[in-house]
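The structure under discussion appears below in the form of structure tokens.
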Amino acid sequence: MTEKKYRNPLVTVDIIIEINKGIVLIERVNPPQGWALPGGFVDYGESLETAAVREAKEETSLDVALEEQFHTYSAPDRDPRQHTVSTVFIARASGIPKAEDDAKNLGIFTEDSLPSPLVFDHGKIISDYFRYRKGERKRNIFK
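First residue of the sequence shown: 4, per this note's numbering; consecutive thereafter.
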């Protein structure tokens with residue numbers, strides 16, 4: 004009998020950090036290169052919430068307060084490297100963000116000042132977020 008090899012998606016988190024009337028995006032050092040929400044892989048034994056706070060601190064040096072779980076994105080092609088499932092949190096922070104870890108740069112952006120290119124499916128996530136912040140209901144965004 005041959006042993007089955009299971010391939011499961013990897014679990015990640017992304018954080019929409021609201022600060023100074025904008026959101027924090029990082030410019031990635033590692034491929035795929037471009038701009039992204041802060042985030043990363045959940046460590047074994049770690050909750051999604053703990054991972055989100057840790058990743059935000061590692062990449063932006065900000066201490067964040069998670070406000071809400073926004074949505075989970077799971078399209079198999081959302082990350083060109085492998086199949087990932089990402090739970091996105093909305094968080095608030097104060098202070099001065101600083102690019103750390105695998106972020107070579109960062110900025111605070113509004114809907115009208117987004118950088119390019121946005122990697123992964125972060126353009127969709129950010130678009131969904133701004134629709135939500137304008138009052139659109141989640142059930143209409145995530146049909």
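Ideal placement from N, C-alpha and C gives every residue a C-beta, glycine not left out.
Roughly how many whole angstroms lie between the Cα atoms of residue i and residue j?
| i | j | result |
| --- | --- | --- |
| VAL14 | ARG84 | 13 Å |
| ILE144 | LEU51 | 23 Å |
| GLU70 | ARG10 | 33 Å |
| GLY126 | GLY48 | 30 Å |
| GLU21 | LEU117 | 14 Å |
| TYR132 | THR5 | 46 Å |
Should residue i go down as buried or exposed, given a rule of 16 or more other Cβ atoms within 10 Å for buried?
| i | result |
| --- | --- |
| ILE93 | buried |
| PRO79 | exposed |
| VAL16 | buried |
| GLU62 | buried |
| THR87 | buried |
Thinking just about the alpha-carbon of each residue, which of the options is nearest to the one in residue i?
| i | options | result |
| --- | --- | --- |
| TYR135 | ALA55, PHE73, ARG81 | PHE73 |
| GLY43 | ILE22, ARG81, SER89, ILE20 | SER89 |
| SER97 | VAL56, ILE128, VAL67 | VAL67 |
| THR40 | ILE19, LYS7, ARG95 | Note on identity: in this sequence residue 40 is Leu, with Thr being the wrong assignment. The shortest Cα separation from LEU40 among ILE19, LYS7, ARG95 belongs to ILE19. |
Determine, using beta carbons only, whether residue i comes closer than 7 Å to chain D.
| i | result |
| --- | --- |
| GLY25 | Given the protein chain composition of this structure (a single chain), no chain D is represented. |
Within the continuous beta strand (DSSP E) that includes residue i, where are the two ends?
| i | result |
| --- | --- |
| ASN108 | 106–112 |
Quiz item: Is it true that the stretch 106–114 meets the stretch 11–29, where meeting means three or more beta-carbon pairs spaced less than 8 Å apart?
Solution: yes
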